[in-house]
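To keep things clear, I will list the structure first and then write my remarks on it.
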Amino acid sequence: MDWQGQKLAEQIMQIMLLVFAVTAFVAGYVLGSFQMMVLVYAGGVTLTGLITIPNWLFFNRHPLNWLDPSEAEKHPKPQVTVSPKKKGSKKTIELAHRLDPSLPTANLVTLAR
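Once you know that position 20 of the sequence shown is 20 in my numbering, the rest is easy, because the numbers rise by one and skip nothing.
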């Protein structure tokens with residue numbers, strides 16, 4: 001199932017479940033039967049599952065074209081660079097001291113680094 005097929009399956013599922021919920025409520029209300037409401041909704045959920053869960057052909061209209069391994073080797077992944085962490089500033093030390101005045105200043109400098 002391709003990406004557009006997944007989107008279509010989800011849209012169909014949402015619409016069908018909403019339609020069957022409304023239909024089940026109306027049928028249960030008109031007939032005055034909670035059992036009938038539950039049965040209509042359960043049938044709708046089953047039918048929705050049979051339509052949206054299998055990988056039907058109409059969900060595969062936009063197949064993905066994968067790269068061959070030889071093509072993938074020609075285009076290496078970009079390297080991610082990590083910037084070094086910033087050291088604690090004087091404001092950080094002052095904030096830590098305000099939060100816990102019992103800490104000695106030497107410990108606050110250690111916490112800031």
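Just so you know, even glycine gets a beta-carbon here, dropped at the ideal spot from N, CA and C.
The shortest CA-to-CA distance from G5 to any of V19, G28 and W56 is the one to W56. Collapsing the DSSP output to three states places K77 in coil. Around the beta-carbon of A42, fewer than 16 other beta-carbon atoms lie within 10 Å, marking it exposed.
Between the alpha carbons of T48 and D68 lies a distance of about 37 Å. Per DSSP, reduced to three states, the secondary structure at W3 is helical. In the DSSP assignment, F34 falls within the alpha helix (DSSP H) that extends over F34 to T52.
Taken atom to atom, the span from the alpha-carbon of Q79 to that of V22 is near 53 Å. Across the structure, V38 and R61 are spaced so that their CA atoms are roughly 35 Å apart.
In the structure shown, L67 falls within a coil segment according to DSSP collapsed to helix, strand and coil. Non-local beta-carbon contacts of V40 in its own chain, meaning distances under 8 Å to residues more than five positions away in sequence, involve F20, T23, A24, A27 and G28 in chain order. Taking every protein chain shown into account, the CB of G44 has 16 or more other CB atoms within 10 angstroms, so this residue is buried.
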